[in-house]
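Participant: Using our numbering, you'd call the opening residue of the sequence shown number -8 and step up by one each time.
Cβ atoms here follow ideal geometry from the backbone N, Cα and C, with glycine treated the same way.
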Amino acid sequence: MDSTANIGRIKRKIGDYVSRASPGLLNILELYCRGDSGLDCVTLLLEEPGKLKDIIMRIYVSPETVRFVARLFLNPLAEVCGLGIEELIRLFMERPTKLREVLQQALTHAT
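(1) Could you check what DSSP says for valine 52 in three-state terms: helix, strand or coil?
(2) Using CA atoms only, rank isn't needed, just tell me which of Gly26, Gly75, Asn66, Phe83 is closest to proline 54.
(3) How close, in whole Å, do the beta carbons of isoleucine 47 and valine 57 come, if the pair is a contact with beta carbons under 8 Å?
(4) With H, G and I counted as helix, E and B as strand and the rest as coil, what does DSSP make of proline 14?
(5) Would you call the stretch -1 to 9 in contact with the stretch 63 to 70, where contact means no fewer than 3 C-beta pairs closer than 8 Å?
(6) Between the alpha carbons of glycine -1 and valine 71, how many angstroms are there, rounded?
(7) Which same chain residues, not among the five before or five after valine 9, have their C-beta less than 7 Å away from its C-beta?
So, in structure tokens, the structure goes:
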């Protein structure tokens, strides 16, 4: 499987997971993500996680709620990245640029 197809599969997996875990959440967030950046939420997570964090923070304000939403988006990636979910959430909240690097590296090497 080529990397583009693999990334597409992973994006679908994330979207499906978020939609199952919290019905309607992804639809609402998509309005904000696409409106602010022109990109869907999952693409923002993989390419510009800091922007996604800012959008979620603006909507929900509470850092605990942002962590909850981040957990939904990041949970399907924990295995691919080889990091625990708490570490991925910490990077999302505190070091989104580092998270992007970790995600890009993991997706490049995912089979």
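Facilitator: Let's see:
(1) Valine 52: coil per DSSP, three-state reduction.
(2) Minimum Cα-Cα distance from proline 54 among the listed residues Gly26, Gly75, Asn66, Phe83 corresponds to Phe83.
(3) Right, the Cβ-Cβ distance comes to about 5 Å (below 8 Å), so this counts as a contact.
(4) The three-state secondary structure of proline 14, taken from DSSP, is coil.
(5) Segment contact: the stretch -1 to 9 against the stretch 63 to 70, three or more CB-CB distances shorter than 8 Å; contact assigned.
(6) Between glycine -1 and valine 71, the C-alpha separation is close to 14 Å.
(7) Leaving aside the five residues that flank valine 9 on each side, the residues in its chain whose CB is nearer than 7 Å to its CB run, in chain order, Leu16, Leu17, Leu63, Phe64.
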